[in-house]
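Worksheet: one structure, shown below.
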Amino acid sequence: MSSPVLLIWGVRARPVFSGKALGAAYAFVCLLLGGVLFSGKLSGGWVLVLLIAGIVLIRKVIERDRLAEGLHGGWLESFLDNPARLLMGSFLLIGVVGAFVLCQPWCSATGVALRPVDALFTSISAVCVTGLVVQDTPGFFSGMGQGVILGLIQIGGLGIMTLTTLAMHLLGQRLSLRQERVMGSLAHAGHSDLIVSLATVFRFTLWAELVGSAGLFFLFLKLGDSLPDALWRGVFTSISAFCNAGFALQTDSLVGYAHEPLVLHMLGFLIMAGGLAPATCLMIPHWIGGKRIPIAAKLALITTAAFLILGWIGILVFEWDGVLSDFGFVDKLHHAWFQSVTLRTAGFNSVDISPISHPTYLLMLILMFVGGSPGGTAGGIKTTTVAVLAVAFWLLRFGRISCTGARLWFTTGGSPLERFIVR
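So the sequence shown is residues 1232 to 1654, counted in my numbering.
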């Protein structure tokens, strides 16, 4: 899945770079590499040759770009100075390394190595916390293979740059100005509060996953799992839920726990915590206590609650006599709520969703399209984006609106939302 992305990058970047031939060659190598990975026709040696050729071309393209702009320094420095290149390159590197590891026979429960295309798909799906699989996770992968997938999920959820910065901070190394500038651009934070913000993210993630792992461990143990199985299943499921990844150690996802509401609600709590973002979650006690919180956090909380309730009621209405017909009244409430929570990008399912009705499919698409909140592990266009668009639509209709206790004015001259003032 990464080759088309790289191909688009190479083609779009070609007019910017001074070497058009290099851009075309780079795109060709990416296309050829993608064909090799997805067809599996060539040996690993040829794949390695193509990877090296692609790296050389990238280096040449960056060097020519810097010369065209009158800049000096090595190609690696230029790569590290560009936040977009660094972010994309980091995730691509982790995805490729993860695919290489998953190809090893010891990652398979049967000792049969995973095909390169399947390994790449699984690795990218894990590091991008997508949750799509081509092999049964508990059936095909060994414990080591499941551990590799879990590591990719955690890296993707936290973010490679977050882990790197925190590691440097814990080792007592001071960030350079260049590194702080790059990190600030990626994390949307200033130099002074960057480390504090990232440390808060790490602590919140650690505590949430620990609490989730402990709770799930005791629940799985109570349901009959052995001590090692309950521990591993609890840790894996907790991290997967918090990172909104959707990977499960059960072939039928969570259908086997359809009559265990505590398991479902524990996972729902983790999914919402990861999707809201640590900063927003930590503001909830202040909001409940009547204190003022940033308008962005308030919009995220209100919009999240609105979509959760919308999904909950919608699933109850559309599936009361459908996939929920075999459950009692209380269980219907539990499952409708859990599906509303997980559909927003986590991907777990506690009921068989294959026979659901068309209105429910449409509702699912809406929830998945919106996704979670900025700074969280969920995908989508984000709840605050929907909130701002809703406010903009209302303003274009009525001129002004009172939103979350503040009066907002939008100047809509040549284009909508050209400027706004909050007071």
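Each residue gets a CB set at the ideal place from its N, CA and C atoms; glycine is no exception. Since the model is a prediction, treat every value here as computed from it, not as a measurement.
Distances from the CA of residue 1448 to each of 1465, 1367 and 1365 were compared; the closest alpha carbon is that of 1465. Apart from sequence neighbours up to five positions away, the residues of its chain that approach residue 1452 with a beta-carbon distance below 6 Å are 1461, ordered along the chain.
Under the DSSP definition of a beta bridge, residue 1372 partners with 1339.
Minimum Cα-Cα distance from residue 1443 among the listed residues 1454, 1581 and 1502 corresponds to 1502.
Taking C-alpha positions only, residue 1518 is separated from residue 1532 by approximately 10 Å. For residue 1619, the uninterrupted alpha helix (DSSP H) segment begins and ends at 1614 to 1629.
Look at residue 1570 here: in three-state DSSP terms it is helix.
Here the alpha carbon of residue 1530 sits roughly 44 Å from the alpha carbon of residue 1338. The beta carbon of residue 1492 is closer than 7 Å to those of 1565 in its chain, skipping five residues each way along the sequence. Contiguous alpha helix (DSSP H) elements confined to the stretch 1439 to 1520 occur at 1458 to 1473, 1492 to 1507 and 1509 to 1519, taking only those with 4 or more residues.
Taking every protein chain shown into account, the CB of residue 1522 has fewer than 16 other CB atoms within 10 angstroms, so this residue is exposed. Contact check between the stretch 1502 to 1514 and the stretch 1598 to 1613: three or more CB pairs, one atom from each, fall below 8 Å, which counts as touching. Check the Cα spacing between residue 1351 and each of 1459, 1526, 1380 and 1558: the tightest is with 1380.
Following the DSSP letters along the chain, one finds residue 1524 in no alpha helix (DSSP H), marked with neither H nor E.
The residue from 1571, 1504 and 1497 with its alpha-carbon nearest to that of residue 1582 is 1571. The beta carbons of residue 1355 and residue 1470 sit no closer together than 8 Å. With a cut-off of 8 Å on Cβ pairs, the stretch 1325 to 1343 is in contact with the stretch 1363 to 1381, counting three or more such pairs.
The Cβ atoms of residue 1468 and residue 1479 sit closer than 8 Å to each other. By the Cβ-count criterion, residue 1438 is exposed, with fewer than 16 other Cβ atoms from all chains shown falling within 10 Å of its own Cβ. In this structure residue 1578 is buried. Its beta-carbon is surrounded by 16 or more other beta-carbon atoms within 10 angstroms.
For the 8 Å CB-CB criterion, residue 1588 and residue 1549 form a contact.
Annotated three-state conformation of residue 1366 is coil, per DSSP.
Exclusion of the five residues before and after residue 1567 leaves 1543, 1546 and 1547 as the residues of its chain whose Cβ lies within less than 6 Å of its Cβ.
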